[in-house]
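Each remark here refers to the structure printed beneath this line.
Number of protein chains: 2
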Amino acid sequence: MIASELQKLVLFRNMTETEILDALRVLHSMEKHIKKGSIFLHAGDTTNAMGIILEGSVTIESNDMWGNKTILSLVGAGQYFAETYALLPDEPMLVDVRANEDCRILFLYIGYLSESWSSGSWKEKILKNLLLISSHKNLHLSGRSFHTSPKSCRGRLLSYLNSISKQKHSLEFDIPFDRQQLADYLNLERTNMSKELGKMQNEGIIIFRKNHFKLIQP
Amino acid sequence: MIASELQKLVLFRNMTETEILDALRVLHSMEKHIKKGSIFLHAGDTTNAMGIILEGSVTIESNDMWGNKTILSLVGAGQYFAETYALLPDEPMLVDVRANEDCRILFLYIGYLSESWSSGSWKEKILKNLLLISSHKNLHLSGRSFHTSPKSCRGRLLSYLNSISKQKHSLEFDIPFDRQQLADYLNLERTNMSKELGKMQNEGIIIFRKNHFKLIQP
DNA sequence: ATAAAAATGTGGCTTAAACAACAGACTTTC
DNA sequence: GAAAGTCTGTTGTTTAAGCCACATTTTTAT
Numbered sequence: 020m021i022a023s024e025l026q027k028l029v030l031f032r033n034m035t036e037t038e039i040l041d042a043l044r045v046l047h048s049m050e051k052h053i054k055k056g057s058i059f060l061h062a063g064d065t066t067n068a069m070g071i072i073l074e075g076s077v078t079i080e081s082n083d084m085w086g087n088k089t090i091l092s093l094v095g096a097g098q099y100f101a102e103t104y105a106l107l108p109d110e111p112m113l114v115d116v117r118a119n120e121d122c123r124i125l126f127l128y129i130g131y132l133s134e135s136w137s138s139g140s141w142k143e144k145i146l147k148n149l150l151l152i153s154s155h156k157n158l159h160l161s162g163r164s165f166h167t168s169p170k171s172c173r174g175r176l177l178s179y180l181n182s183i184s185k186q187k188h189s190l191e192f193d194i195p196f197d198r199q200q201l202a203d204y205l206n207l208e209r210t211n212m213s214k215e216l217g218k219m220q221n222e223g224i225i226i227f228r229k230n231h232f233k234l235i236q237p
Numbered sequence: 020m021i022a023s024e025l026q027k028l029v030l031f032r033n034m035t036e037t038e039i040l041d042a043l044r045v046l047h048s049m050e051k052h053i054k055k056g057s058i059f060l061h062a063g064d065t066t067n068a069m070g071i072i073l074e075g076s077v078t079i080e081s082n083d084m085w086g087n088k089t090i091l092s093l094v095g096a097g098q099y100f101a102e103t104y105a106l107l108p109d110e111p112m113l114v115d116v117r118a119n120e121d122c123r124i125l126f127l128y129i130g131y132l133s134e135s136w137s138s139g140s141w142k143e144k145i146l147k148n149l150l151l152i153s154s155h156k157n158l159h160l161s162g163r164s165f166h167t168s169p170k171s172c173r174g175r176l177l178s179y180l181n182s183i184s185k186q187k188h189s190l191e192f193d194i195p196f197d198r199q200q201l202a203d204y205l206n207l208e209r210t211n212m213s214k215e216l217g218k219m220q221n222e223g224i225i226i227f228r229k230n231h232f233k234l235i236q237p
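Protein chains in written order, with our numbering: chain A, 20 to 237; chain B, 20 to 237.
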């Protein structure tokens, strides 16, 4: 892979060949070949590298413990993946990345970009901050995908309630939605969801009153 | 609203008060008060401004023509919205933004940040490019949310096929998924989806063979 | 305090999606 | 080109989500 090839990529837009070569060196770029079907980034791991697909394509997918698969996106040649996690290297990945065909992939350790976080003009600082914000927004959007991917009403409720519980570091918490909004967020029908909440309370899984919820451990 | 308040926000992290005041001026910042319940950014419109919520909260939602509502996210005080669309000002918004309570909101025209797109060090250039990539990724994630929000199998298929058709500017196109992958992407069960595709073909809505699809206008 | 309005919950019916089992078509491999 | 494997479509059954009508509770307004 040569610099002139890379100039076509959005990531290197407006950069000279020399600048691209500098970037590749500083960001510890590394090219890898990956076989069709293999999962090469795993949910739960963290990563410092983003990927650029030079050839082939990958799927971003979630595989839960009951064998259900959800494909969040398909990323093709000339596109990028894991940039969110590489920018937020403490966040464990929510997804697997699988080679959809034989792939040639360039990995870049973009953490090296933001070593001097507070230097530069205010425009540069605000750009860095925006990048963080955009990455977090990405995580939130992915989060909702996980809450809506279970097919059952109860599955979605549990996914959502568990995530709020983790967020608040407590089994007891308020949610920011009323019933109709919660149903709209989880893509459920309100009355059906009320029924399910009632059942779950009867079974002793949860206790709730209005917006206040408490999860019960078995 | 005063600069020292804003220093707590991620967007202005690592910036001095003077720098923040410069930013507010250059980005044409403007504070607005918005009443609970009102939709103040509409799907289909474009926007040049991102919003920072100083007080209150907003919901990001989609309201389709059959009256179905989907809430994509709830954005609270100290958080941001529409930054994706402000960074990609040609993209029409896919969502409405509604004040969930009475709100105090600061609007920033962040397009002014990237006027001199090709100046600066290579690090600065690559940061700008990354920001674009992250924003586009955001749009894709939102896109999938819309394909999975219809409750019916047919609704999801039509949402997906229509979007691909628009993307390719043609009523005839190949999709990048096999049946199992398409089902996994749309959160459907494969055999059921096959049934529905068959029905749709019988009804003359679509014609397909393998990965090749053709949409029929009535 | 009372009435009006909004939010939440319940029961019953209908419908469509999930699931299992299998058949046929198409690919790949040797 | 035969066999194995993969992908796709069909049928029938089960189950659970959607939906309607209405009851109950909670909140708001006067």
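Cβ coordinates follow ideal geometry from the N, Cα and C atoms, glycine included.
Residue i in three-state terms, based on DSSP
{"i": "B:Tyr204", "result": "helix"}
{"i": "A:Ile238", "result": "Past the edges of chain A, shown from 20 to 237, lies residue 238 of chain A, and the structure says nothing about it."}
{"i": "B:Asn82", "result": "strand"}
{"i": "B:Thr35", "result": "coil"}
{"i": "A:Met326", "result": "Because residue 326 of chain A is not part of the residues shown, which for chain A are 20 to 237, the question remains open."}
{"i": "A:Leu93", "result": "strand"}
{"i": "B:Ile194", "result": "coil"}
{"i": "A:Ala118", "result": "strand"}
{"i": "A:Ile145", "result": "helix"}
{"i": "B:Ile235", "result": "coil"}
{"i": "B:Leu243", "result": "Outside the displayed range of chain B (20 to 237) lies residue 243 of chain B, so it cannot be described from this structure."}
{"i": "B:Ile53", "result": "strand"}
{"i": "B:His134", "result": "Position check: residue 134 of chain B holds Glu in this sequence, whereas His was assumed. DSSP places B:Glu134 in coil when its eight states are reduced to three."}
{"i": "A:Ile21", "result": "coil"}
{"i": "B:Lys170", "result": "coil"}
Whole-Å CB distance - residue i paired with residue j, under 8 Å assumed
{"i": "B:Ile124", "j": "B:Ile72", "result": "6 Å"}
{"i": "A:Met112", "j": "A:Thr66", "result": "7 Å"}
{"i": "B:Gly75", "j": "B:Glu120", "result": "4 Å"}
{"i": "B:Phe126", "j": "B:Ala68", "result": "4 Å"}
{"i": "A:Val94", "j": "A:Ala62", "result": "The pair is not a contact, with the Cβ atoms about 16 Å apart (cut-off 8 Å)."}
{"i": "B:Leu201", "j": "B:Leu234", "result": "With a Cβ gap of about 15 Å, B:Leu201 and B:Leu234 do not count as contacting."}
{"i": "A:Ala96", "j": "A:Phe59", "result": "About 17 Å; that fails the 8 Å criterion."}
Per-residue contacts from residue i into chain B (C-beta, under 7 Å)
{"i": "A:Ile152", "result": "Val29, Leu30, Tyr99 and Glu102"}
{"i": "A:Pro108", "result": "None at all; the shortest Cβ gap to chain B is about 14 Å."}
{"i": "A:Ser168", "result": "Asn206"}
Identity of the residues DSSP links to residue i by a beta bridge
{"i": "A:Leu127", "result": "A:Met69"}
{"i": "B:His47", "result": "The partner list for B:His47 (beta bridge, DSSP) is empty, contrary to what the question assumes."}
{"i": "A:Lys185", "result": "A:Lys185 is not bridged to any residue."}
{"i": "A:Leu60", "result": "A:Val116"}
{"i": "A:Glu74", "result": "A:Arg123"}
{"i": "B:Tyr99", "result": "B:Ile71"}
{"i": "B:Lys229", "result": "In DSSP, B:Lys229 forms no bridge with anything."}
{"i": "A:Lys218", "result": "The partner list for A:Lys218 (beta bridge, DSSP) is empty, contrary to what the question assumes."}
{"i": "A:Lys156", "result": "DSSP output for A:Lys156 lists no bridge partner at all."}
Amino acids of chain B, ordered along the chain, whose beta-carbon sits closer than 8 Å to that of residue i
{"i": "A:Arg209", "result": "Simply none; closest approach about 11 Å."}
{"i": "A:Asp203", "result": "Glu80, Lys88, Thr89 and Ile90"}
{"i": "A:His159", "result": "Ser92"}
{"i": "A:Lys156", "result": "Tyr99, Glu102, Thr103 and Asn157"}
{"i": "A:Glu38", "result": "Trp141 and Lys144"}
{"i": "A:Gln220", "result": "Residues of chain B passing the Cβ test: none, with the nearest at roughly 23 Å."}
Cβ neighbour criterion (16 or more within 10 Å) applied to residue i
{"i": "A:Ser154", "result": "buried"}
{"i": "B:Asn206", "result": "buried"}
{"i": "A:Tyr131", "result": "exposed"}
{"i": "A:Gly70", "result": "buried"}
{"i": "B:Glu80", "result": "buried"}
{"i": "B:Trp141", "result": "buried"}
{"i": "B:Thr210", "result": "exposed"}
{"i": "B:Asn157", "result": "buried"}
{"i": "A:Gln186", "result": "exposed"}
{"i": "B:Pro169", "result": "buried"}
{"i": "B:Ser178", "result": "buried"}
{"i": "A:Ala42", "result": "buried"}
{"i": "A:Ser57", "result": "exposed"}
{"i": "B:Thr12", "result": "Chain B is shown only over 20 to 237; residue 12 of chain B falls outside these bounds and no answer can be derived."}
{"i": "A:Arg175", "result": "buried"}
{"i": "A:Glu102", "result": "buried"}
{"i": "A:Gln236", "result": "exposed"}
{"i": "A:Gln98", "result": "buried"}
Proximal chain A residues relative to residue i, where beta-carbon distance stays under 7 Å
{"i": "B:Ala42", "result": "Trp141 and Ile145"}
{"i": "B:Asn181", "result": "Chain A residues near B:Asn181: none, gap ~17 Å exceeds 7 Å."}
Neighbour list for residue i in chain A, Cβ cutoff strictly below 8 Å
{"i": "B:Ile53", "result": "Near B:Ile53 there are no residues of chain A at all, since even the closest Cβ is about 18 Å away, more than 8 Å."}
Distance cut-off 8 Å: residue i Cβ against heavy atoms of the ligand NAP
{"i": "B:Ser178", "result": "Of the ligands one can find in the structure shown there are none, so the ligand NAP has no counterpart to examine."}
Chain B residues whose Cβ lies nearer than 9 Å to that of residue i
{"i": "A:Pro195", "result": "Ser76, Leu93, Gly95 and Asn119"}
{"i": "A:Met34", "result": "Ser137, Trp141, Lys144, Ile145 and Asn148"}
9 Å Cβ cut-off: residues of chain A touching residue i
{"i": "B:Arg198", "result": "Residues of chain A passing the Cβ test: none, with the nearest at roughly 12 Å."}
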